[in-house]
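In what follows, a single structure is set out as C-alpha cells and then discussed.
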Amino acid sequence: MIENFDDIRPYTDQEIPTAMKRITESDAFPLIASWVFPDRDIKEVRQMMLNFRTIHDFQLGVMIPVNQQIINRTITSFTYSGFSQLDPNKRYLFVSNHRDIMLDASLLQYLLVKHGLDTTEITFGANLMSPGLVTDIGKSNKMFRVERGGRMRDFYMSSQHLSNYIRHTLINKRQSVWIAQRNGRTKDGNDRTDQGIIKMFCMSEPHDKIKALADLHIIPVSISYERESCDILKAIELYESRYQKYIKKPGEDLNSILTGILERKGHVNITLCKEITEADLHEYDASTNNEYHKQVAQLIDKRINEAYQLSCFNYIAHDLRYGRTTYRDKYTEEQRQQFINYMTRLDNYDVAEPDVLKDIFLSIYSNPVNPIS
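First residue of the sequence shown? That's 808 in the working numbering, and the numbers climb one at a time after it.
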C-alpha cells in the first residue's frame, strides 16, 4: 500500500490559486505587501499573486523578493560557499544548524535559486502550522509539517512517517529537503546534532544502516549571524527556563519570526559543508546502531562547527564573560564598546537576577568560541 502524506506535505501546484486567494484576502496582506514591494501598488501586487499557478511562481514572485528585502535592509554583508559541489542531477538532505525560525532555510533557498538550482522542501514545526496566513505562506513555500513531542507511541509513529516522507521526497519526488540538526532552534549558542534525528533518517531503511544514510546525500549546512537572531528573546526564555518548564506565550513564535526578519543581523554566512559520503559512513561499519547514530551526528557537528564563522561579537562576549583579554587581537576597542552598548537593551527587562540574564546573553555569543567536544 502506498503511504499517504497528505497530513504533512506542502501544497501542490493545484492548490496554489486558492492559497493565493486566502493570502491576498487576509487582514495582514497590505502590510506584508508594502514591506516586500515598497515601490508597487497593493492592488498590483494582489493581482500578481492571484495570477500565480505554481509553487515556482510563488517562490520566484514573492519569496525571492522577501529574501532580497531582508538582505538589503538587515544584513551588512552576506557570504556563502560550498555550492560548487552540488550536482543539479542529485537531490540532497541539507542538515543545518538552526538559529532562526525562518531565515536559516529561507536564505538557503535564495542562494540555491541564485545558483540556478531548484529549491528544497523545508521542515516546519507543527506548533507553527495553525490554520491561517502563516500556514498558507509556509505550505506554498514547500514547507511540510513535523510533529514535536507527544506520547511515546505517537512520537514513534510520527517519526516513522516523517522518515518515510523524507526518503519519498528525495528519491521519488526528486526534491531536496532542508531540516534542522535538532528539534527547535539553538538558543544557547551550542550547535549540536541530535542523534535521534539520525535515527529518524534510518527508520525508512531499517535493514542497511549505511544505505539508509548514503541514499540521502546528507550535506551539513553551517549558518552564522554576526548578531544572533532573536538574542534577547532567547536569553529571556533561557532565564525563565532555569527552574521550571518554559511555556510559550500566545503569538510568541510569530513574534520570533518577525523579529528575525526585521532585526539587523550584521554579517551572515552560509557554508555548505562537504557531503557525508558512503565512504565516510563505512568508517562506522562495526558500530552498533546506537553508536552509529551518535558517530554520524558527531561528524555533522564537526563539519558545521569547523565551517562556522565567528565574529568579533563572539570573541568580545567570551572575554567579557570570563573577565579576560584572551581574544583581544580579534576586535577593536570601538567594536567592544559597540557590543557593550548593544547589551544595554537587557536593562529594559525587569528581572530578579539581572547579572544572571546578562551571563546567559553573553553565553549565547561566547559558546560558539568553545569547540564542541
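Virtual Cβ for every residue (Gly too), placed ideally from N, Cα, C. On a predicted model such as this, the values are computed, not experimentally measured, just so you know.
Reduced DSSP category for residue i - H, G, I as helix; E, B as strand; rest coil
| i | result |
| --- | --- |
| residue 1219 | Since the first residue shown for the chain is 808 and the last is 1180, residue 1219 is missing from the structure and cannot be characterised. |
| residue 900 | strand |
| residue 1028 | strand |
| residue 929 | strand |
| residue 835 | coil |
| residue 1115 | coil |
| residue 865 | helix |
| residue 1158 | coil |
| residue 860 | coil |
| residue 886 | strand |
| residue 955 | coil |
| residue 827 | helix |
| residue 1067 | helix |
| residue 950 | strand |
| residue 1003 | helix |
| residue 986 | strand |
Rounded Cβ spacing between residue i and residue j (contact assumed at less than 8 angstroms)
| i | j | result |
| --- | --- | --- |
| residue 919 | residue 926 | 6 angstroms |
| residue 1006 | residue 1045 | 27 angstroms between Cβ atoms; not a contact. |
| residue 996 | residue 1174 | 3 angstroms |
| residue 1112 | residue 1176 | With 8 angstroms as the limit, residue 1112 and residue 1176 do not qualify as a contact, their Cβ atoms being about 11 angstroms apart. |
| residue 842 | residue 876 | 7 angstroms |
| residue 1069 | residue 977 | The Cβ separation is near 34 angstroms, so there is no contact. |
| residue 1060 | residue 935 | 6 angstroms |
Selection from the options that minimises the alpha carbon distance to residue i
| i | options | result |
| --- | --- | --- |
| residue 853 | 868, 917, 863 | 868 |
| residue 822 | 889, 900, 948 | 948 |
| residue 826 | 1065, 906, 938 | 938 |
| residue 891 | 1178, 908, 1150, 1026 | 1026 |
| residue 1017 | 1146, 1083, 855, 1048 | 1083 |
| residue 1071 | 847, 882, 833 | 882 |
| residue 872 | 858, 834, 917, 857 | 917 |
| residue 912 | 894, 1067, 864 | 1067 |
| residue 1085 | 1103, 1116, 860, 952 | 1103 |
| residue 903 | 1109, 895, 839, 860 | 1109 |
| residue 887 | 1052, 1115, 1019 | 1115 |
| residue 880 | 1092, 1075, 1155 | 1075 |
| residue 1100 | 1008, 962, 950 | 1008 |
| residue 1002 | 897, 1010, 1013, 989 | 989 |
| residue 1166 | 812, 1034, 928, 1039 | 1039 |
| residue 815 | 1053, 1011, 946, 828 | 946 |
| residue 907 | 893, 1033, 848 | 1033 |
| residue 1000 | 1055, 905, 1155 | 905 |
Under 8 angstroms between C-beta atoms of residue i and residue j
| i | j | result |
| --- | --- | --- |
| residue 1171 | residue 987 | no |
| residue 1029 | residue 910 | no |
| residue 1169 | residue 1127 | yes |
| residue 1088 | residue 1159 | no |
| residue 830 | residue 1015 | no |
| residue 780 | residue 1079 | Missing from the structure shown is residue 780; the chain here goes from 808 to 1180 and no further. |
| residue 895 | residue 924 | yes |
| residue 982 | residue 898 | yes |
| residue 812 | residue 1024 | no |
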